[in-house]
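Let me begin by presenting the structure, written as structure tokens, before commenting on it.
There are 2 protein chains.
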Amino acid sequence: MEEKHGQAIEKALQIIETGDLSTLPSVIEGMRAADSAGILAALPEDAWLVLFKAVEPGIASEMLTLVDEGVARFILEHLGAEEIAPLLAFMASDDAADVINLLPVEQAQKVLRRISRKDYEKLSELLKFDEESAGGLMAREVITVRSGLKISDAIGVVRTAGDKIKHAENVYIIDDQERLLGSIPLIDLLIEDPESVLDDVMNPDLLTVTADTDQEEVAAIFSKYGLYSLPVIDDRGRLAGWITVDDIIDVIEEETNEDITMMAGTGDEEFWERSPVKLSRARLPWLLTGLFGGIMSAMVMNHFRGSLESALTLAFFVPVITGMGGNVGIQSSAIVVRELAVGGLSIANTGGKLLRELKVSLLNGLVLGLALLLMVILWQHNLKLGILLGTCMFIIICWATIMGALIPLMLKKASIDPALATGPFITTLNDLLGIFIYLGIATVFLNWHGEI
Amino acid sequence: MEEKHGQAIEKALQIIETGDLSTLPSVIEGMRAADSAGILAALPEDAWLVLFKAVEPGIASEMLTLVDEGVARFILEHLGAEEIAPLLAFMASDDAADVINLLPVEQAQKVLRRISRKDYEKLSELLKFDEESAGGLMAREVITVRSGLKISDAIGVVRTAGDKIKHAENVYIIDDQERLLGSIPLIDLLIEDPESVLDDVMNPDLLTVTADTDQEEVAAIFSKYGLYSLPVIDDRGRLAGWITVDDIIDVIEEETNEDITMMAGTGDEEFWERSPVKLSRARLPWLLTGLFGGIMSAMVMNHFRGSLESALTLAFFVPVITGMGGNVGIQSSAIVVRELAVGGLSIANTGGKLLRELKVSLLNGLVLGLALLLMVILWQHNLKLGILLGTCMFIIICWATIMGALIPLMLKKASIDPALATGPFITTLNDLLGIFIYLGIATVFLNWHGEI
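Protein sequences, first through last, are from chains A and B. In the working numbering, each residue carries its 1-based index in the first sequence increased by 153. In the working numbering, each residue carries its 1-based index in the second sequence increased by 153.
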């Protein structure tokens, strides 16, 4: 597979170089759309438009929906409205809406003025919804049959409508006001007696969402109930569209990316972004927060200058204190955030969760405190210093673990994305508090014993 | 929905308390299996078995496949082989294999001895495969029809086989040696002329995997091609089973959990684990690595004791140097790891990737170096110290960013999970090198200028 693709890419580059583009479409002929899109994306930027314009519009439109956002944006920026409009006719309504959403407002309006009235009505309906909601995910091409019909009539409807709809698995039954009554799996159309009335054999107990449902919630419903598709209804119970599982896989990957970029503190970095300036701008706010926190740490250390001057060795252990506080904080916060995300943890059972983390932190604090005590005695031959550091380590492990678990829960309660609690902001806060606790205790210790 | 569940849980607890369990099944009557499983998991541990044993075996077996691993393990530990065996008859083969895999070897053998010969053959075939491979995901219940039959005959086959198979979307066509020739979507059975021969209308160009394909690769194929199901073939091209998209969503969530636990350094922590000792044991190796690294940092600082004694202020900036090195390192490594995971980045185009990160790091290093210079001048009124710290910050930002991008790529090349590069191991290494670079440069500076 990989090798075949490599050859196709090379061949495409050769053809583009010679200038006779008539044979260019043959390079991706017979390939799956996802593979052609892969070839396109692997070519250098200046070849994207050449290949895109050389293939038939049906294939071009498929490639456009499958390449990543960065490539799609580039291609769309270099096409006129009169070139974009005909491509939409080949797309399912949800894919067409995604393309419109990538265009600047003026260009989008120009394109919409050039498509058929029927397509326009379908599309403008979808464009009203937030891209990250059920409405932004759904397609309007659904197979519907009227209540009261027989199985054999429903089969007739599928015959005429079916070949336009990929991945159809269910047929939806609606009443004369288009309200959704139930569904019947395609396989049941084959199995049931053709003379049966739909209403007697359909599944009337459907899971549904409304168009404003958040995409993360939609994905959780698919995952929990093992769905392949989910109908979207409006406030009067009418069928507005349906969401299919292939789009849900994209949603899950998108949400994972969001969690990971949040955890890494890279802002809303887009994976397709290639401009270093934009990437730098996405990451800098987090880093400046960290820098500011670092200066605060330096000020805290300056505050304890007296203690550090009388026992410089204390300074050597600052990195281990901050480092460990950061490590255990990320451990407990990442676990809690993930449990909140996959839905296994609700605010209701947080008590048990916190208790569990408390127990873990007591255990870890004990082990790590003793380990540090031992290391310090072996290295510095100083029992007092060992006891001081071991005690501080224990306190900081417990503190950072509990904070790590508590902060995402509090953010969730306040309807803020709990993943924020895994980012550099919290690590920086933990550093600061860790140094304060450590040098504070050390100073009390020094004042008491006179030396360490 | 939530409210209804809350009421059901309360009612279940009341019934269990009164001791008359005959009405217990009514609590979850008419609910979707996933909802009953949710009710079960929300009950206190000692009620799990009571509810589980009170409901019919069909419902019990559905609940068992849907609750999380921790609950399932608990229930299975408290059942005899003679109670487990009948439950398997209600399950699809892939779910039954998952249950067997949760049992201790001896108990598994006892259970297998009690099931029907047909089920045993299906199951023992599946149990050979690694749980994280295509073989571990696939079910053996597929609708197959022989090559050469007509559409109308295929419909007959679906009529008899179909109601045992949930979510059927395709029918597979095999030759007389059971080799897979192609597939036909159910909807095409309705649309095509009943007199057509299958071979003329089927899709002969199928994507397939073998049983030993890693589940992560299987998930990538589903995602790339937008599949709902994927046939698994053996080395002679015979159809061994099929994988459906609902299982793929579980795989994607599992792999995400792995990446996040790796990034957080919590070992292979399982989300359902409730024993603090086991959780502590999963997290401790990472923390001990960090502790050891911290001691090494302390030793590096001790090595530069002379410089720190002559300019204690240097010590105050150690946390900002280590903190920022850690932050930028996690940023670039998390992005590279994620790009490797979603398949957008192959080893082939790593050159461009590293160049991009280099540019970003130069920009960020410049901004953060200047910001630190400014802060130090404002706070300490010391231009020399500002220049020293600004320069060190610049070097460390560049160094840690490039390392963050390079290390996951090298791990990938060496076939080690690149997500390891986002964990505490790398942060600790960055801390150590950061302190060394910082104090090394400061010492050279001190020897040159005599003071800071």
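Each residue gets a CB set at the ideal place from its N, CA and C atoms; glycine is no exception.
If you check the beta carbons only, do residue i and residue j fall under 8 Å apart?
i	j	result
N517 of chain B	S460 of chain A	no
L276 of chain A	L255 of chain A	no
M415 of chain A	G576 of chain A	yes
S305 of chain B	P357 of chain B	no
T419 of chain B	A574 of chain A	no
A558 of chain A	G478 of chain A	no
I550 of chain B	L508 of chain B	no
A104 of chain B	A250 of chain B	Residue coverage of chain B in this structure runs from 154 to 605, which leaves residue 104 of chain B outside it and unanswerable.
S246 of chain B	E322 of chain B	no
L241 of chain B	V252 of chain B	yes
E492 of chain B	F598 of chain A	no
D584 of chain A	G446 of chain A	yes
V220 of chain B	A195 of chain B	no
Of all the CB atoms in chain A, is at least one closer than 8 Å to the CB of residue i?
i	result
Y378 of chain B	yes
W439 of chain B	yes
A187 of chain B	yes
E462 of chain B	yes
P357 of chain B	no
P472 of chain B	yes
V362 of chain B	no
G288 of chain B	no
P197 of chain B	no
I555 of chain B	no
Y381 of chain B	yes
K566 of chain B	no
V430 of chain B	yes
L166 of chain B	no
D570 of chain B	no
I413 of chain B	yes
M244 of chain B	no
Can you give the beta carbon distance from residue i to residue j, rounded, assuming they're within the 8 Å contact cut?
i	j	result
L334 of chain A	V324 of chain A	Not really, about 12 Å apart at Cβ, beyond 8 Å.
L359 of chain A	P384 of chain A	6 Å
V117 of chain B	I588 of chain B	Absent from the model: residue 117 of chain B. The displayed extent of chain B is 154 to 605, so no value can be given.
D412 of chain A	V490 of chain A	7 Å
L342 of chain B	L343 of chain A	7 Å
L392 of chain B	I483 of chain B	That pair is no contact at about 45 Å.
L465 of chain A	E462 of chain B	6 Å
R185 of chain A	Y378 of chain B	6 Å
Compare the C-beta of residue i against all C-beta atoms of chain B and say whether one is closer than 8 Å.
i	result
Y591 of chain A	no
L339 of chain A	yes
T581 of chain A	yes
E322 of chain A	yes
R226 of chain A	no
Q160 of chain A	no
A487 of chain A	yes
T409 of chain A	yes
T475 of chain A	yes
D399 of chain A	yes
G141 of chain A	Residue 141 of chain A falls outside the range modelled here, since chain A spans only 154 to 605, and no answer is possible.
V481 of chain A	yes
T419 of chain A	yes
E294 of chain A	no
F547 of chain A	no
Is residue i close to the ligand NAP? I mean its beta-carbon at under 7 Å from any heavy atom of the ligand.
i	result
L256 of chain B	The model depicted lacks the ligand NAP and carries no ligand whatsoever.
Going along the chain, which unbroken runs of the beta strand (DSSP E) with 3 or more residues stay wholly within the stretch 455-536 of chain B?
none
Write down every uninterrupted run of the beta strand (DSSP E) in the stretch 224-312 of chain A whose length is 3 residues or greater and which is fully enclosed by it, in chain order.
297-299
Do the stretch 434-448 of chain A and the stretch 438-447 of chain B make contact, defined as three or more Cβ pairs closer than 8 Å?
no
Would you check if there are 3 or more beta carbon pairs closer than 8 Å linking the stretch 257-273 of chain B to the stretch 368-375 of chain B?
no
Within 8 Å, do at least three Cβ pairs link the stretch 381-401 of chain A to the stretch 461-476 of chain A?
no
Could you pull out every unbroken beta strand (DSSP E) segment of at least 3 residues lying fully inside the stretch 380-447 of chain B, listed in chain order?
382-386 and 392-397
Touching or not, the stretch 361-369 of chain B and the stretch 279-291 of chain B, by the rule of three or more beta carbon pairs under 8 Å?
yes
Is it true that the stretch 540-548 of chain A meets the stretch 592-603 of chain A, where meeting means three or more beta-carbon pairs spaced less than 8 Å apart?
yes
For the structure I just gave you, are there three or more beta carbon pairs, one from the stretch 208-227 of chain B and one from the stretch 170-188 of chain B, closer than 8 Å?
yes
Complete alpha helix (DSSP H) runs within the stretch 532-605 of chain A (minimum length 4 residues, chain order)
536-566 and 577-602
Segments assigned alpha helix (DSSP H), at least 4 residues, entirely inside the stretch 311-363 of chain B
339-344 and 351-354
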